[in-house]
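Student: Under full-length UniProt numbering, the sequence shown is numbered contiguously, ending at residue 227. The following block contains the structure, expressed as structure tokens.
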Amino acid sequence: MRNIILSPTATIISFLSLFAIVLLVGVWAFVNLKSIVTPASMALKYDMSTLQNKSIVIIVAFRDFRDEEYFVPKEILEQVGADIKTASNQKGTAIGADGGEVNVDFLVSEIKPENFDAIVFIGGPGALEYLDNEDSYKLAKETVANGKVLSAICIAPAILAKAGVLQGKNATVWSSAMDKSAVKILKDNGAIYQNAVVVTDGKIVTGNGPQAAEEFAEALIRTLTAK
1 MRNIILSPTA
11 TIISFLSLFA
21 IVLLVGVWAF
31 VNLKSIVTPA
41 SMALKYDMST
51 LQNKSIVIIV
61 AFRDFRDEEY
71 FVPKEILEQV
81 GADIKTASNQ
91 KGTAIGADGG
101 EVNVDFLVSE
111 IKPENFDAIV
121 FIGGPGALEY
131 LDNEDSYKLA
141 KETVANGKVL
151 SAICIAPAIL
161 AKAGVLQGKN
171 ATVWSSAMDK
181 SAVKILKDNG
191 AIYQNAVVVT
201 DGKIVTGNGP
211 QAAEEFAEAL
221 IRTLTAK
């Protein structure tokens, strides 16, 4: 077998070709990864002023809220003009299950739903520990009574169910093959459970977990702009 010896020029051309291929692959991966992890693509469906003059309160557990359920919808809603405030069961810096931090503007008990267009409950491991209480129930009832949009994602629809506002309403909630307890809470409190990612029934929007974050935000936009 003969050894093939490339000339210096051929070697340089081969190296440059290989470098160009690696560079193109890297650029392609960066662009595609960015499109996957950046929720801005959802906001591009709407005008930047779609939710101008709309005020929304997002409620998180002071510890262990689900990060993407808060940050993804918040970014999308802000990009289409909404003013976002954050509430929790304590003041200070709320910390998500994945370490995300958010400044708390006010307590759940301080929220006056008549001053806002939508109230959003975020799920996560800490949701039922910190938000499953009379303050949340009262807020949910008052939100509905004032004709405002009420929404919850992940395990948080169980809080709405316990508040009695899902009676006769289609709704979804987080569940797994091993844990259907939240579904039982919905059914026991009169909700019509739907095995769906996001469910809208009138002015109530529910989502079943972090994978629903973008679709959940879009459903909120549609509900807030419905005639």
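Heads up, the beta-carbon is just placed ideally off N, CA and C, and yes, glycines get one too. None of the values given here were measured: they were computed from a predicted structure.
Taking all protein chains shown into account, do 16 or more other C-beta atoms lie within 10 angstroms of the C-beta of LYS112, making it buried, or fewer, making it exposed?
Tutor: exposed
Student: By Cβ distance below 6 Å, which residues in the same chain neighbour ILE192 in space, the five residues on each side in sequence not counted?
Tutor: Apart from the 5 residues on each side of it in sequence, ILE192 sits with its Cβ closer than 6 Å to the Cβ of ASN170 in its chain, given in chain order.
Student: What distance in whole Å lies between the Cβ atoms of LEU131 and ALA61, which are believed to be in contact at a cut-off of 8 Å?
Tutor: Confirmed, about 6 Å.
Student: Within 10 angstroms of its Cβ, does SER88 collect 16 or more other Cβ (buried), or is it exposed?
Tutor: buried
Student: Rounded to whole angstroms, what is the Cα-Cα separation between LEU220 and LEU77?
Tutor: 9 Å
Student: Contact between the stretch 46-61 and the stretch 119-129 is defined here as three or more beta-carbon pairs at a separation below 8 Å; is this criterion met?
Tutor: The answer is yes - the stretch 119-129 touches the stretch 46-61, with three or more Cβ pairs under 8 Å.
Student: In angstroms with no decimal places, state the Cα-to-Cα distance between GLY207 and ALA156.
Tutor: 9 Å
Student: From which residue to which residue does the alpha helix (DSSP H) around ILE185 run?
Tutor: 181-188
Student: DSSP three-state call for THR50: helix, strand or coil?
Tutor: Judged by DSSP in its simplified three-state form, THR50 adopts coil rather than helix or strand.
Student: Please say whether LEU150 and VAL173 have beta carbons closer to each other than 8 Å?
Tutor: no
Student: Can you list, in chain order, the stretches of the beta strand (DSSP E) that have 3 or more residues and sit fully within the stretch 92-173?
Tutor: 92-96, 101-104, 118-121, 149-153
Student: If you measure between the beta carbons of VAL80 and GLU214, is that distance less than 8 Å?
Tutor: Not in contact: VAL80 and GLU214 (Cβ atoms no closer than 8 Å).
Student: What three-state label does DSSP hand PHE65 in the structure shown?
Tutor: DSSP places PHE65 in strand when its eight states are reduced to three.
Student: Skipping 5 residues on each side, what residues in its chain have a beta carbon closer than 8 Å to that of SER136?
Tutor: ILE59, VAL108, PHE121, ILE159, ALA163
Student: Rank GLY209, PRO210, GLY202 by C-alpha distance to the C-alpha of LYS227 and give the top, closest one.
Tutor: Residue GLY202 holds the alpha-carbon nearest to the alpha-carbon of LYS227 among GLY209, PRO210, GLY202.
Student: Check whether the Cβ atoms of ASP105 and ILE56 lie closer than 8 Å to each other.
Tutor: no
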